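Here's the structure, in structure tokens; my notes come after.
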Amino acid sequence: MPQQVQAVIAPGKNEPVRVETIVIPDPGPGEAVVKIQACGVCHTDLHYKQGGINDEFPFLLGHEAAGVVESVGEGVTDVAPGDFVILNWRAVCGQCRACLRGRPWYCFDTHNAKQKMTLLDGTELSPALGIGAFAEKTLVASGQCTKVDPEVAPEVAGLLGCGVMAGIGAAINTGQVGRGDSVAVIGCGGVGDAAIAGSRLAGAAKIIAVDIDDRKLETARAMGATHTVNSRTSDPVEAIRALTDGNGADVVIEAVGRPETYEQAFYARDLAGTVVLVGVPTPDMKLELPLLDVFGRGGSLKSSWYGDCLPSRDFPMLVDLHQQGRLDLAAFVTETIGLGDVEEAFAKMHDGNVLRSVVVF
Numbered sequence: 001m002p003q004q005v006q007a008v009i010a011p012g013k014n015e016p017v018r019v020e021t022i023v024i025p026d027p028g029p030g031e032a033v034v035k036i037q038a039c040g041v042c043h044t045d046l047h048y049k050q051g052g053i054n055d056e057f058p059f060l061l062g063h064e065a066a067g068v069v070e071s072v073g074e075g076v077t078d079v080a081p082g083d084f085v086i087l088n089w090r091a092v093c094g095q096c097r098a099c100l101r102g103r104p105w106y107c108f109d110t111h112n113a114k115q116k117m118t119l120l121d122g123t124e125l126s127p128a129l130g131i132g133a134f135a136e137k138t139l140v141a142s143g144q145c146t147k148v149d150p151e152v153a154p155e156v157a158g159l160l161g162c163g164v165m166a167g168i169g170a171a172i173n174t175g176q177v178g179r180g181d182s183v184a185v186i187g188c189g190g191v192g193d194a195a196i197a198g199s200r201l202a203g204a205a206k207i208i209a210v211d212i213d214d215r216k217l218e219t220a221r222a223m224g225a226t227h228t229v230n231s232r233t234s235d236p237v238e239a240i241r242a243l244t245d246g247n248g249a250d251v252v253i254e255a256v257g258r259p260e261t262y263e264q265a266f267y268a269r270d271l272a273g274t275v276v277l278v279g280v281p282t283p284d285m286k287l288e289l290p291l292l293d294v295f296g297r298g299g300s301l302k303s304s305w306y307g308d309c310l311p312s313r314d315f316p317m318l319v320d321l322h323q324q325g326r327l328d329l330a331a332f333v334t335e336t337i338g339l340g341d342v343e344e345a346f347a348k349m350h351d352g353n354v355l356r357s358v359v360v361f
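UniProt numbering puts the first residue of the sequence shown at 1, with every later residue one more than the last.
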């Protein structure tokens, strides 16, 4: 029968979030109820709160989560009650033209739970990225559950559900960083630092971190950056070129999502180099570049959505790397907090005081 649990709701644009009781229906066909153990506070949740994604309030926030499957609906065979899972927001369909061409990470028909979670008065909730995991339990499509080794700590495993995967995937999957490459990462928040960690995993010879905050640059160096540039005091394009024999980086990853930083990334790459946009822009932003420069510089301009990941392939692999000591996921966790501390975590995020706050249940 339906369950009542505590969850964090964004009631309206820029209104403070609050903890409320919500109703979780029994899982229907293809669905699962997951008991959440930990959920990271991601900048995308703040975007939802600010109305930067859409206006389908109230939102059930949280999506960077790990937990245990409690129950499943009819026809579910990929997960079972008791499985430890990381939630993902790209449950591939297996039937669209991308999936049938062997490129499921580009799936054009990803899906979520069909039933709606609600407030006590029946008001339907819009779960962030189809998950809604700032909650004791949540309802998702079973394909949004990726089984991993239950020995990994939930507070680090959950980060693979969004930000860390987005950054690592931007470097390895989208940017295809290779051994000996030079890489520049503009914006050293959680996603940017994950791109730095991914570049190091891929064997990049030079990793240049760019930010306006010296504290973030210090963290970026700990994540694997070989050089840092404070773009508040130095021209980042010229600095990146100076560090790459005047050529520019082979791969430049833009992890801010603003036109001015994208333009910096465009001109900071080498001829025939690659620009990867993984920062999330707002709907009003516009980009203007001379078309002749786009043509004349060659190379690739790519967008990385969720790090072009395939959760069933990438999540277990990255958990294994963490357990081998080759990927320090714990370094991304600045603090663990309670369900009632999310609004304060947003403030800390805005001030640049945390890499990741993680709600632990």
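Even for Gly, the Cβ is constructed at its ideal location relative to N, Cα and C. For clarity, every value in this text was computed on a predicted model and none was experimentally measured.
For residue 84, list the residues DSSP reports as bridge partners. In DSSP, residue 84 forms a bridge with 68.
Taking C-alpha atoms, which residue in 70, 90, 227 and 211 lies nearest to residue 81? For residue 81, the nearest C-alpha among the options comes from 70.
Measuring CA to CA, which of 179, 270 and 196 is closest to residue 244? Ranking the options by Cα distance to residue 244, first place goes to 270.
Which one of 43, 221, 335 and 190 has the shortest CA to CA distance from residue 155? The shortest C-alpha separation from residue 155 is found at 335.
Tell me where the beta strand (DSSP E) around residue 254 begins and ends. First-last of the beta strand (DSSP E) with residue 254: 249-254.
Given residue 308, which residues of its chain have a CB within under 7 Å of its CB, disregarding the five upstream and five downstream residues? The beta carbon of residue 308 sits closer than 7 Å to those of 105, 169, 173 and 174, all from its chain and outside the five residues before and after it, given in chain order.
Would you mind reading off the limits of the alpha helix (DSSP H) that contains residue 322? First-last of the alpha helix (DSSP H) with residue 322: 311-323.
N- and C-terminal bounds of the beta strand (DSSP E) containing residue 211: Per DSSP, residue 211 belongs to the beta strand (DSSP E) from 206-211.
Assess contact between the segment 274-289 and the segment 144-154, defined as three or more Cβ pairs (one per stretch) separated by less than 8 Å. Is contact present? Remark: fewer than three beta-carbon pairs, one from each stretch, lie closer than 8 Å, so the segment 274-289 and the segment 144-154 are not flagged as touching.
Is residue 113 closer than 8 Å to residue 141 when the C-beta atoms are compared? Yes, these two residues count as a Cβ contact at 8 Å.
Here's the rule: buried if 16 or more other CB atoms are within 10 angstroms of the residue's CB, otherwise exposed. What is residue 325? Burial call: exposed.
Less than 8 Å between the beta carbons of residue 359 and residue 66, yes or no? In this structure, residue 66 does not lie closer than 8 Å to residue 359 by Cβ.
Distance check for residue 162 and residue 299, CA to CA, integer angstroms please. Those two C-alpha atoms are separated by around 27 Å.
Stretch-stretch touch, CB-based, cutoff 8 Å, three pairs: the segment 25-37 with the segment 309-329: Between the segment 25-37 and the segment 309-329 there are fewer than three C-beta pairs closer than 8 Å, too few to call the two in contact.
Could you tell me whether the segment 198-206 touches the segment 230-241, using the rule of 3 or more Cβ pairs below 8 Å? Output reads no: the segment 230-241 does not touch the segment 198-206.
What is the C-beta distance between residue 50 and residue 88, in whole angstroms, given that I count them as a contact (C-beta under 8 Å)? At roughly 24 Å, the Cβ-Cβ gap does not stay under 8 Å, so residue 50 and residue 88 are not in contact.
Tell me which same chain residues have a C-beta within less than 7 Å of the C-beta of residue 329, skipping the five on either side of it? So the qualifying residues of the chain are 156, 159, 164 and 322.
Per DSSP, the bridge partner or partners of residue 39: For residue 39, the pairing in a beta bridge is given by DSSP as 65 and 359.
Would you mind sorting residue 275 into buried or exposed? The rule is 16 or more other CB atoms within 10 Å of its CB. Looking at its Cβ environment, which holds 16 or more other Cβ atoms inside 10 Å, residue 275 is buried.
Presumed contact (8 Å Cβ cut-off) between residue 60 and residue 117, rounded CB distance: Right, the Cβ-Cβ distance comes to about 6 Å (below 8 Å), so this counts as a contact.
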